[in-house]
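In the numbering used here, the protein residues as written are 2 to 777. Accompanying notes for the structure given below.
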């Protein structure tokens, strides 16, 4: 074993630059893979740990006080699986607040911060003793949206402004982010009483929190509660449960983790190709030494071991270093994820993720190295001592200098191109992969930060310019005036209701005519057009193995009707667990259904605020509340823009670094193998600059072909690749724009960067001396 350490040390001293470069590539791969695994495994567990720490209610039901009775409390308490139950008074108000510089519409649920509670406790992240008439503790999520302690939090509801002073930020595991359609605000006792006295009693609500003996049954228990309340409530009500909260709060991190894992796989593949290339090159360079070892009695397996030992050691060490370095990058990602999730992710060392990373990378390098080096076993000592057959060149002489016309530098570069097939294949694969990842990063950033319409359509069911919540849909005066406006592209009622399918509560989206919507969320088939038709989400379709044309039973209260499936739809907010019905279709189940949400699609969205004020002044009694969807979307998108920016920067930096590292290995190998030829060319009068240009230009055709293939593949397959990554969110179809100018610019920039890096690395040609080569 000591002899092998000596041999390995000698090889490392001889090619330390290439081994170090190989190690850098591996620990980048390990860092990316470990990041992805930690996010996938640790982030969701962190959410669950926080949920348990605060004894958060596994199912939280909110109903308006006018609908509440002790009978509901007792029925919920007696549901099988309920471990504990707690009732709290609260205030539920529709309205809007400022978020990332825009007015964001969302109901706020106000609780008494001083209540003595055992269920759904809060975690205080930051607080300060500030004298104020209306102090308030708000979600940690708002801190990442620009709010600071001492700032005013202004909530607008029914043309009334409610102003609070932020005195602290809290972790709220249920109502701590906009993803759950309600934002929790916690007021000290006096502030809560003051708010309660100043509002109409119709906003008084009751919150019932329950913990379960088996948290995994939260969805089933929520369905039973919803089924109990359906058709009996005269006002709004809701039922939130653990599984849904966890899915919504961790979905962005899940996608981020998938992207890191996918990117690390590409780098691992590149690492495998590098190890194979270097081992093949080592075998050619060390052929005579291997012959000597065989002649001295070393077995084939021993020589193989001595050849791959350095790569195995580097793989193990580099992957462990990469795991450690990944934790340096985690705080940066934490900021982005905290902004979306609304809770503080405390990272801890994940031994399982680290073990998986080290084992996978080390095993793959061992396997690839062994498969490449095993041909040494067949090598005969006498052949190896003669240098193999490298002195007998049976290859075709491409572009013979005595018959070819053109610039000598370019001809020599082309000859070198055809003479190094393995090197060129490795470079081609790397450039293709890096071109694809660079365009992937650019596509994600372009479609989230610059032209987000396709991204919004993928994650939202519908995106009007303005939504009005009307008092009476049978009064058509508001609808008729909006329809006549030349700036209005279309107007329609678009509502939702809770229904039961297969004993589970799901959301049904409802409108009169889906053809009037600005885009379709069906990825197969079509939306329903008649009262007996339905489109179902991908989760329902997959779990029930339904096909288009099948019949499915839908329930509401005690009513149940069959509908014909006309299409499959996607929904990120509902994770594909939803349906589409026509208004006539929902009326078959609930003849008391009333349309309330009027969606308006404007041609010119530059002044939605003015449009809303104009409509409110004309119809003050008809418009109960509104949502400025344009401003709301802009505010909500800022979180995704930040995350996309961070990931795009990371991917682009690693892409450039990967190109530089690969070129370093290839160019050093080329210069070492062609040292004699380069010395001869220097002796006959070629300058160092000419030889550097010749070597650099010999790589450019491969770089160009790799960039072109990578660009074409990315243009053709990008949306399918992103759908695979986003499928965990419920995305089944995607129409991301891939701007051709961006693809062309990326290709040109990659070629220029590759040439500049190659030309710089070829500077070592300057050290080659014809005199020294002759002396040797």
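Every residue gets a Cβ at the ideal spot worked out from N, C-alpha and C, and that includes glycine.
Element boundaries [beta strand (DSSP E), containing residue i]
i           : result
residue 206 : 205 to 213
residue 470 : 467 to 471
residue 734 : From DSSP, residue 734 is part of no beta strand (DSSP E); its letter is neither H nor E.
residue 769 : No beta strand (DSSP E) holds residue 769; DSSP gives it neither H nor E.
residue 521 : Per DSSP, residue 521 belongs to no beta strand (DSSP E) and is neither H nor E.
residue 512 : 505 to 512
Unbroken alpha helix (DSSP H) run spanning residue i, endpoints
i           : result
residue 369 : 352 to 374
residue 540 : 539 to 545
residue 227 : 219 to 230
residue 609 : 609 to 619
Burial state of residue i, where buried means 16 or more other Cβ atoms lie within 10 Å
i           : result
residue 762 : buried
residue 191 : exposed
residue 141 : buried
residue 338 : buried
residue 18  : exposed
residue 721 : exposed
residue 472 : exposed
residue 623 : buried
residue 575 : buried
residue 453 : buried
residue 356 : exposed
residue 300 : exposed
residue 167 : buried
residue 504 : exposed
residue 531 : exposed
residue 132 : exposed
residue 604 : exposed
residue 390 : Only weak support is given to the placement of residue 390: the predicted model assigns it a pLDDT of 49, under 50, and the value that follows is read from those uncertain coordinates. With fewer than 16 Cβ atoms within 10 Å of its Cβ, residue 390 is classed as exposed.
residue 568 : buried
residue 233 : exposed
residue 529 : buried
Coil, strand or helix - residue i by DSSP
i           : result
residue 182 : coil
residue 261 : helix
residue 436 : helix
residue 718 : helix
residue 762 : helix
residue 240 : strand
residue 141 : helix
residue 530 : coil
residue 49  : helix
residue 462 : coil
residue 20  : helix
residue 255 : helix
residue 757 : helix
residue 161 : strand
residue 502 : strand
residue 313 : helix
residue 453 : coil
residue 749 : helix
residue 280 : helix
residue 118 : coil
residue 549 : coil
residue 778 : Residue 778 is absent from the structure shown; the chain starts at 2 and stops at 777.
residue 624 : strand
residue 689 : helix
Those residues which DSSP pairs with residue i across a bridge
i           : result
residue 125 : 171
residue 561 : 556
residue 153 : 166
residue 725 : DSSP, once it has assigned bridges, lists no residue as partnering residue 725.
residue 599 : 469 and 494
residue 629 : 467
residue 188 : 113
residue 489 : 603
residue 136 : 166
residue 536 : 568 and 581
CB contact below 8 Å: residue i versus chain D
i          : result
residue 71 : Among the protein chains of the structure shown there is no chain D, as only one such chain exists.
Restricting to runs no shorter than 4 residues, where is the alpha helix (DSSP H) found entirely within the stretch 54 to 116? Listed in chain order, the complete alpha helix (DSSP H) runs (minimum 4 residues) inside the stretch 54 to 116 are 71 to 78.
Any alpha helix (DSSP H) of 4 or more consecutive residues that is wholly inside the stretch 563 to 591: If one requires a minimum length of 4 residues, the alpha helix (DSSP H) runs lying completely within the stretch 563 to 591 are 584 to 590, in chain order.
Tell me the start and end of each unbroken alpha helix (DSSP H) in the stretch 646 to 679 that is at least 4 residues and wholly inside, in chain order. Here no run is fully enclosed.
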